[in-house]
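First comes the structure, then the notes that go with it.
Protein chains: 2
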Amino acid sequence: MHNRWAMKMEQYTRFSDEDRRLLDNLVSLKQVQFGAREDVLREGDRTDHCHLIVAGLACRYKILPNGDRQIMAFLVPGDLCDAEVFILAEMDHTIGTLTPTTVAMIPGAVIEDLLTKPVGLAKALWWGTLTDLGVLRERIIDHGRRDARERIAHLLYELLIRYRMVGLARDDSFDFPMTQIDLADATGLTPVHVNRVLQQMREEQLILLRNKTLKVVAPERLKDIAGFSANYLHLNRAHDTDDGLNRRTGDLV
Amino acid sequence: MHNRWAMKMEQYTRFSDEDRRLLDNLVSLKQVQFGAREDVLREGDRTDHCHLIVAGLACRYKILPNGDRQIMAFLVPGDLCDAEVFILAEMDHTIGTLTPTTVAMIPGAVIEDLLTKPVGLAKALWWGTLTDLGVLRERIIDHGRRDARERIAHLLYELLIRYRMVGLARDDSFDFPMTQIDLADATGLTPVHVNRVLQQMREEQLILLRNKTLKVVAPERLKDIAGFSANYLHLNRAHDTDDGLNRRTGDLV
DNA sequence: CGACGGCTTGAGGTAAGTCAATCCACGTGG
DNA sequence: CCACGTGGATTGACTTACCTCAAGCCGTCG
Chain A
110 MHNRWAMKME
120 QYTRFSDEDR
130 RLLDNLVSLK
140 QVQFGAREDV
150 LREGDRTDHC
160 HLIVAGLACR
170 YKILPNGDRQ
180 IMAFLVPGDL
190 CDAEVFILAE
200 MDHTIGTLTP
210 TTVAMIPGAV
220 IEDLLTKPVG
230 LAKALWWGTL
240 TDLGVLRERI
250 IDHGRRDARE
260 RIAHLLYELL
270 IRYRMVGLAR
280 DDSFDFPMTQ
290 IDLADATGLT
300 PVHVNRVLQQ
310 MREEQLILLR
320 NKTLKVVAPE
330 RLKDIAGFSA
340 NYLHLNRAHD
350 TDDGLNRRTG
360 DLV
Chain B
110 MHNRWAMKME
120 QYTRFSDEDR
130 RLLDNLVSLK
140 QVQFGAREDV
150 LREGDRTDHC
160 HLIVAGLACR
170 YKILPNGDRQ
180 IMAFLVPGDL
190 CDAEVFILAE
200 MDHTIGTLTP
210 TTVAMIPGAV
220 IEDLLTKPVG
230 LAKALWWGTL
240 TDLGVLRERI
250 IDHGRRDARE
260 RIAHLLYELL
270 IRYRMVGLAR
280 DDSFDFPMTQ
290 IDLADATGLT
300 PVHVNRVLQQ
310 MREEQLILLR
320 NKTLKVVAPE
330 RLKDIAGFSA
340 NYLHLNRAHD
350 TDDGLNRRTG
360 DLV
């Protein structure tokens, strides 16, 4: 079993064996299992642990006064929910699972210690937070200036890249347990409209969506439709393709 | 002349005289003047300096393949454009001015030094970056689940709060040099539609917009319309009102 | 087998977009 | 000091992408 967290950060930097051991150790310290559709951390919560997605799928969301849910980001294995616990007093949004999910709990003090030490690991951790910023900015563009089709294409393509990063995409296909309602809440569209767009994408042989698995049949075409450019993910280690990943194997290096 | 940067960070923590002197010093090291509608930093640029808005108004934006511009955030005095230069290789978006703007250039190495030292200043700096994250998340909600009126209300109210924070709002009014086109590019709406919404807000005596100055006539009503909750700004120092600011004077403490 | 959650489909409605003309404030040069 | 040009604000008429409501379908699970 790989350490997806380390894999992800190795997009940015190469770790020493010692670093990797440390990371492995942190991940295995304490793990908690959540069911589908449970909250890991709620808006307003204070916690002294960092939460790392080990397996499964979660998201950041907020419920608005009128009851609408807006999903702001999906969290895939290797993603840290709250690297910043030790700086901000309380959560300003909720983290919830979509499927059964394993979460590693890492003492905030340990992370704080790593983050404030001028070593490679600290930079890699901050890189994670900063690419989150990039992803959010991209989502704003999605919502502001892309139509439904482009928006969904962008979301799907970004997920493909992120799953590849942590070795969870084989052959351009990956686990896709989210409902069309989840997708709607993430894209700011209606479930009905999401449905119609997905239908069209299937008809066009862009994607294959069956059994909770998404296969991107025509990644290049999807990427074009999305107007996707990977620079905001800051994958500076691998240069073999313009999205920073080896498309043949879905692997790095 | 106040140091808006320090003022902003003092929402989070209280500085020692020594810290404040250091910040003052950093701001005055080197300042550059930009005209209106000039780029400070372009997508793809590499720089070894951090850029801090001292006076004026700028924004983060991206131009899409089809020529559309999406403004992702406004940068007001006291905002840092790129605290993270020393981590990320290159800019993934552009920083441009809207009005003539004074920018302080701070050597990246100095910031890096501050950020990686386990002192209060480091936390305050990261707090800045993390609240940026919160602001972005809020903008996603804007675009995903709020209609034009709510979106504009939210943007205006947030600006009011942020201007108050740095002592640039008196009596609920502040400099408002942006055009309706800028506003449209930020909200993901059409200039025409922005115009109609603003008109309506004026008719309702919500706002007064004249001579490049915005006066929020009915802040509470605007806040309600926006569905605004300030928790995402993490203003933990001041507790006198629920948005963390003293509404009478627009000042803190 | 029935219930339930998620997917699909259709018909009609609306917020916001498009296009295009006009107006207005201002700055500039003759 | 006025004519002109330019960028922004405004207004109106028309279009459209996406929403709403509502029904039917399908797989799964108790």
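If you read the sequences in order, they're chains A and B.
Numbering-wise, the first sequence is residues 110 to 362 according to the numbering used here.
Numbering-wise, the second sequence is residues 110 to 362 according to the numbering used here.
Think of the CB as a built atom: it goes at the ideal place given N, C-alpha and C, for glycine as much as any other residue.
Interface residues of chain B facing asparagine 304 of chain A [CB-CB closer than 8 Å]:
As a first step, residue 304 of chain A must be located in the first sequence, where it is residue number 195. The contact set of asparagine 304 of chain A on chain B, defined by CB atoms closer than 8 Å, is empty, because the minimum CB distance reaches about 18 Å.
Should glutamate 267 of chain B go down as buried or exposed, given a rule of 16 or more other Cβ atoms within 10 Å for buried?
Within the second sequence, the letter at position 158 stands for residue 267 of chain B. When all chains shown are included, glutamate 267 of chain B counts as buried.
Given that aspartate 256 of chain B touches chain A, what residues does it touch there, using C-beta distances under 8 Å?
Walking along the second sequence from the start, residue 256 of chain B turns up at place 147. Here the premise fails: no neighbours, minimum Cβ distance about 11 Å.
8 Å Cβ cut-off: residues of chain B touching threonine 225 of chain A
Within the first sequence, residue 225 of chain A is the residue found at index 116, counting from 1. Correct list: Thr225, Lys226, Pro227, Ala231.
For the pair the region 141-161 of chain B and the region 237-246 of chain B, tell me if three or more CB-CB distances fall below 8 Å.
By the Cβ rule, the region 141-161 of chain B does not count as touching the region 237-246 of chain B, because fewer than three pairs are nearer than 8 Å.
Do we get a CB-CB distance below 9 Å when we pair glutamate 267 of chain A with the residues of chain B?
Counted from its first residue, the first sequence places residue 267 of chain A at position 158. Not an interface residue.
Contact between the region 289-299 of chain B and the region 246-266 of chain B: three or more CB pairs below 8 Å?
Segments in contact, yes.
The alpha helix (DSSP H) with glutamine 289 of chain B in it runs from where to where?
Position 180 of the second sequence holds residue 289 of chain B. Counting along the chain, the unbroken alpha helix (DSSP H) around glutamine 289 of chain B starts and ends at 289-296.
Assigned secondary structure, isoleucine 204 of chain A (DSSP; H/G/I helix, E/B strand, else coil):
Your numbering for residue 204 of chain A matches position 95 in the first sequence. The DSSP-derived three-state label of isoleucine 204 of chain A is strand.
Residues in its own chain within less than 8 Å of arginine 248 of chain A by CB, not counting five upstream and five downstream?
Translated into the one-based positions of the first sequence, residue 248 of chain A becomes position 139. Taken in chain order, the residues that qualify are Met181, Ala182.
For the region 272-285 of chain B, enumerate the residues whose C-beta is nearer than 7 Å to any C-beta of chain A, in chain order.
Across the region 272-285 of chain B, no CB contact with chain A closer than 7 Å is found for any residue.
How would you label glycine 144 of chain A, buried or exposed, when you count the other beta carbons within 10 angstroms and need 16 or more for buried?
By 1-based counting over the first sequence, the position of residue 144 of chain A is 35. Under this definition glycine 144 of chain A is an exposed residue.
DSSP on leucine 166 of chain A, reduced to helix/strand/coil?
Here residue 166 of chain A corresponds to residue number 57 of the first sequence, with the count starting at 1. Assigned with DSSP and collapsed to three states, leucine 166 of chain A falls in coil, not helix or strand.
At a Cβ threshold of 9 Å, is arginine 155 of chain A touching chain B?
Residue mapping note: residue 155 of chain A aligns to position 46 of the first sequence, counting from 1. Cβ-Cβ to chain B under 9 Å: no for arginine 155 of chain A.
Kindly list, in the order they appear in chain B, the residues whose Cβ is closer than 9 Å to that of histidine 263 of chain A.
Your numbering for residue 263 of chain A matches position 154 in the first sequence. Per Cβ cutoff of 9 Å: no residues; histidine 263 of chain A is ~11 Å from chain B at best.
Taking asparagine 177 of chain B as the query, report the chain A residues whose CB atoms sit under 8 Å from its CB, ordered along the chain.
On the second sequence, position 68 is the one that residue 177 of chain B refers to. Going by the sequence as given, residue 177 of chain B is aspartate instead of asparagine. Chain A residues near aspartate 177 of chain B: Arg254.
Give the straight-line distance between the Cα atoms of aspartate 280 of chain B and proline 300 of chain B, rounded to the nearest whole angstrom.
Numbered from its first residue, the second sequence carries residue 280 of chain B at position 171. Numbered from its first residue, the second sequence carries residue 300 of chain B at position 191. If I take the Cα positions, the gap works out to 28 Å.
Please list the terminal residues of the continuous alpha helix (DSSP H) segment that includes serine 137 of chain A.
Against the first sequence, residue 137 of chain A aligns to sequence position 28. Unbroken alpha helix (DSSP H) run through serine 137 of chain A: 126-138.
Per-residue contacts from glycine 336 of chain A into chain B (C-beta, under 9 Å):
Locating residue 336 of chain A in the first sequence gives position 227, where the first residue counts as 1. Neighbours of glycine 336 of chain A on chain B, chain order: Leu173, Pro174, Asn175.
C-alpha gap between glutamate 119 of chain A and valine 275 of chain A, whole angstroms:
In the first sequence, residue 119 of chain A corresponds to position 10, counting from 1. In the first sequence, residue 275 of chain A corresponds to position 166, counting from 1. Near 10 Å, if we compare the C-alpha coordinates of valine 275 of chain A and glutamate 119 of chain A.
Where does proline 300 of chain A sit, in a helix, a strand or coil, going by DSSP?
Locating residue 300 of chain A in the first sequence gives position 191, where the first residue counts as 1. Looking at proline 300 of chain A - three-state DSSP - the assignment turns out to be helix.
Using the Cα positions of aspartate 128 of chain B and alanine 231 of chain A, report the straight-line distance between them to the nearest angstrom.
Locating residue 128 of chain B in the second sequence gives position 19, where the first residue counts as 1. Locating residue 231 of chain A in the first sequence gives position 122, where the first residue counts as 1. Cα to Cα, aspartate 128 of chain B sits roughly 23 Å from alanine 231 of chain A.
Where does valine 228 of chain B land, buried or exposed, given buried means 16+ other C-beta within 10 angstroms?
The sequence position of residue 228 of chain B within the second sequence is 119, counting from 1. Classification for valine 228 of chain B: exposed.
Would you say histidine 158 of chain B faces chain A, with C-beta separation under 9 Å as the test?
Position 49 of the second sequence holds residue 158 of chain B. So, not an interface residue.
Beta-carbon proximity of threonine 363 of chain B to alanine 164 of chain B, cut-off 9 Å:
There is no way to answer for residue 363 of chain B, as the model of chain B reaches only from 110 to 362.
Report, in whole angstroms, the separation of the C-beta atoms of cysteine 190 of chain B and leucine 184 of chain B, which I expect to be a contact under 8 Å.
What you label residue 190 of chain B is simply residue 81 of the second sequence in a count that begins at 1. What you label residue 184 of chain B is simply residue 75 of the second sequence in a count that begins at 1. The pair is a contact, with the Cβ atoms about 6 Å apart (cut-off 8 Å).
Using DSSP with H/G/I as helix, E/B as strand and the rest coil, what is aspartate 284 of chain A?
Numbered from its first residue, the first sequence carries residue 284 of chain A at position 175. It is a strand residue.
Indicate whether at least one CB of chain A lies closer than 9 Å to the CB of leucine 361 of chain B.
As a working mapping, residue 361 of chain B is identified with position 252 in the second sequence. Interpretation of leucine 361 of chain B is limited by its pLDDT of 35, a score under 50 that renders its predicted location unreliable; the figure taken from the coordinates is listed afterwards. Not closer than 9 Å to any Cβ of chain A, the Cβ of leucine 361 of chain B fails to qualify, so no.
Scan the region 188-244 of chain B and note each continuous beta strand (DSSP E) run of 3 residues or more that stays entirely inside, going in chain order.
203-206, 210-216
Looking only at its own chain, which residues have a Cβ that is under 8 Å from the Cβ of leucine 223 of chain B, when we skip the five neighbours before and after it?
Position 114 of the second sequence, counted from the start, is the residue given in the question as residue 223 of chain B. Leu230, Ala231, Leu234, listed in sequence order.
Output yes if chain A places a C-beta closer than 9 Å to the C-beta of tryptophan 235 of chain B; else output no.
Within the second sequence, residue 235 of chain B is the residue found at index 126, counting from 1. It does; some Cβ of chain A falls within 9 Å.
DSSP beta-bridge partners of phenylalanine 143 of chain A:
Reading the first sequence from its first residue, position 34 is the one you call residue 143 of chain A. Note: phenylalanine 143 of chain A sits in a beta bridge opposite A/Thr210.
Would you mind giving the Cβ-Cβ distance between lysine 380 of chain B and glycine 187 of chain B, rounded to the nearest angstrom? I have them listed as a contact below 8 Å.
The structure shown does not extend to residue 380 of chain B, since chain B is modelled only from 110 through 362, so no value can be given for it.
What separation, rounded to the nearest whole angstrom, lies between the Cα atoms of arginine 255 of chain B and cysteine 168 of chain B?
The residue given as residue 255 of chain B occupies position 146 in the second sequence. The residue given as residue 168 of chain B occupies position 59 in the second sequence. Spanning the two alpha carbons is a distance of roughly 22 Å.
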